[in-house]
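Student: The following block contains the structure, expressed as structure tokens.
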Amino acid sequence: LDSLKKTGWKIIMLALFVIFGTYIGSAIIADVVLRIIGQI
-14 LDSLKKTGWK IIMLALFVIF GTYIGSAIIA DVVLRIIGQI
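Residue numbers (our numbering): -14 to 25.
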């Protein structure tokens, strides 16, 4: 049960980093696209 808790925390932290990274990446891509469209 202890090993499951440790692994669970790692999975949760990893999932949060992935979600946060994806959100930041999408925001950056959207910002760049909007800037390019605005410059045309």
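Virtual Cβ for every residue (Gly too), placed ideally from N, Cα, C.
1. Just the C-alpha distance for Gly(-7) and Leu(-1), rounded to the nearest angstrom, thanks.
2. Would DSSP call Leu(-1) helix, strand or coil?
3. Please report how far the alpha carbon of Val3 lies from the alpha carbon of Ile(-3), in whole angstroms.
Tutor: The structure says:
1. 10 Å
2. helix
3. Rounded to the nearest angstrom, the two C-alpha atoms are 10 Å apart.
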